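Right, one structure below, let's go through it.
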Amino acid sequence: MRSWSRVVAALAVAGCSGSAPTADRITSQNSAILASSVASEDAPPIVFNTQMRSDIEVPPCETESEGHAQIQIFQDGRIESIVILNNKGDESVRFGHIHHLNPGASTGPVIWWLSSPVGVDLNLTERHIDVRQDGIFVANPHFASAEAGLAELLANPGNFYVNFHSDHCPGGIARGFLP
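With the sequence shown counted from 1, adding 28 to any position gets you the numbering used here.
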């Protein structure tokens, strides 16, 4: 089991407001390490952080709720997510995903679920919602396999966004693009 204390401390410092999203830079070196068939538990994951806001939802969502998502990609291709939502709008949060956008599109299909069980409306109504889970790949019109989706995510992370949905805003309560 991994220790999340370092990640939680970093998220506590980051909060739900502040500067633009950041990511550890993907280089040919760390991308090659990730693609390698030899996984190492000691190798650091590639990490993306994004602020999730309602004003960039499509369609826009009238809510004060916001959040922070951290997506970690491990050497074995596994994706772990930590999502913290500040549910200031008292939403009934249903589920969350990572979506992919084709150029020129404003929405895209679900690639990885970040809440489970898949397809189940969770109805989370707490003021502070903390979701930690492995991403669950689903076949979709953009990628037939998790490997193809992961390769695209590493090559073009800005074409992916984290999105959580609610009863009030079924199209999305808070969205954040990966940098």
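Note that CB positions come from ideal geometry on N, CA and C, so glycine has one too.
None of these values were measured; they are calculated from a predicted model.
### Query
Sorted by chain position, which residues of the same chain lie with C-beta nearer than 7 Å to Ser194's C-beta, five sequence neighbours on each side aside?
The residue you call residue 194 lines up with position 166 of the sequence shown. Hits under 7 Å: Glu119, Ser120, Val121, Arg122, Ile201.
### Query
Hey, out of Gly199, Leu206, Phe205, Pro207, whose CA is closest to Glu90's CA?
Taking the first residue of the sequence shown as position 1, residue 90 is located at position 62. Glu90 has its Cα closest to that of Gly199, out of Gly199, Leu206, Phe205, Pro207.
### Message
Rounded to the nearest angstrom, what separates Gly208 and Phe102 at their Cα positions?
### Response
Summary: the structure shown does not reach residue 208, with the chain confined to residues 29 through 207, and so no result is reported for it.
### Cβ neighbour criterion (16 or more within 10 Å) applied to Thr78
Numbered from 1 along the sequence shown, position 50 holds the residue referred to as residue 78. By the neighbour-count rule (16 or more Cβ atoms within 10 Å), Thr78 is buried.
### Task
Could you tell me the distance, in whole angstroms, from the CA atom of Val75 to the CA atom of Val146?
Walking along the sequence shown from the start, residue 75 turns up at place 47. Walking along the sequence shown from the start, residue 146 turns up at place 118. Their backbone Cα atoms lie some 24 Å apart in a straight line.
### Query
Which same chain residues, not among the five before or five after Leu181, have their C-beta less than 7 Å away from its C-beta?
Mapped onto the sequence shown, residue 181 falls at position 153. Excluding positions up to five away in sequence, the list reads Phe188.
### Three-state secondary structure assigned by DSSP to Leu142
Translated into positions along the sequence shown, residue 142 becomes position 114. Three-state result, Leu142: coil.
### Query
Would DSSP call Leu182 helix, strand or coil?
To locate residue 182, count along the sequence shown from 1; it is residue 154. DSSP places Leu182 in helix when its eight states are reduced to three.
### Message
In whole angstroms, give me the CA-to-CA distance for Leu150 and Pro72.
### Response
On the sequence shown, residue 150 is found 122 positions in, with the first residue counted as 1. On the sequence shown, residue 72 is found 44 positions in, with the first residue counted as 1. Whole-angstrom Cα-Cα distance: 32 Å.
### Query
For Val86 versus Thr153, is the C-beta spacing smaller than 8 Å?
Stepping through the sequence shown from its first residue, residue 86 is reached at position 58. Stepping through the sequence shown from its first residue, residue 153 is reached at position 125. Not a contact, by the Cβ cut-off of 8 Å.
### DSSP state of Gly204 mapped onto helix, strand, coil
Translated into the one-based positions of the sequence shown, residue 204 becomes position 176. If DSSP states are grouped into helix, strand and coil, Gly204 belongs with the strands.
### Query
Gln161 bridges to which residues according to DSSP?
Against the sequence shown, residue 161 aligns to sequence position 133. Looking at the DSSP assignment, Gln161 forms a beta bridge with Ser109.
### Through-space distance from Pro185 to Gly132, alpha-carbon basis
Mapped onto the sequence shown, residue 132 falls at position 104. Mapped onto the sequence shown, residue 185 falls at position 157. The straight-line gap from Cα to Cα measures roughly 15 Å.
### Message
Considering Cα atoms alone, identify which of Ile107, Ile99, Asn114, Ala183 is closest to Glu92.
### Response
Taking the first residue of the sequence shown as position 1, residue 92 is located at position 64. Checking every option, the nearest Cα to that of Glu92 belongs to Asn114.
### Message
Can you give me the C-alpha to C-alpha distance between Gln206 and Pro169, rounded to a whole angstrom?
### Response
By 1-based counting over the sequence shown, the position of residue 206 is 178. By 1-based counting over the sequence shown, the position of residue 169 is 141. It should be pointed out that residue 206 corresponds to Leu in this sequence rather than to Gln. Looking at the two C-alpha atoms, the distance is approximately 20 Å.
### Task
Mind reading off the beta-carbon distance from Arg203 to Ile84? Whole number of angstroms is fine, and I expect it under 8 Å.
Numbered from its first residue, the sequence shown carries residue 203 at position 175. Numbered from its first residue, the sequence shown carries residue 84 at position 56. That pair is a contact at about 5 Å.
### Neighbourhood of Pro137 by C-beta, 7 Å cutoff - its chain only, sequence neighbours within 5 removed
Residue mapping note: residue 137 aligns to position 109 of the sequence shown, counting from 1. His127, His128, Asn168, Pro169, His170, listed in sequence order.
### Task
Could you name the residues of the same chain whose beta carbon sits closer than 6 Å to that of Asp158, not counting the 5 residues immediately before and after it, in chain order?
Taking the first residue of the sequence shown as 1, we reach residue 158 at position 130. The residues are Ile112.
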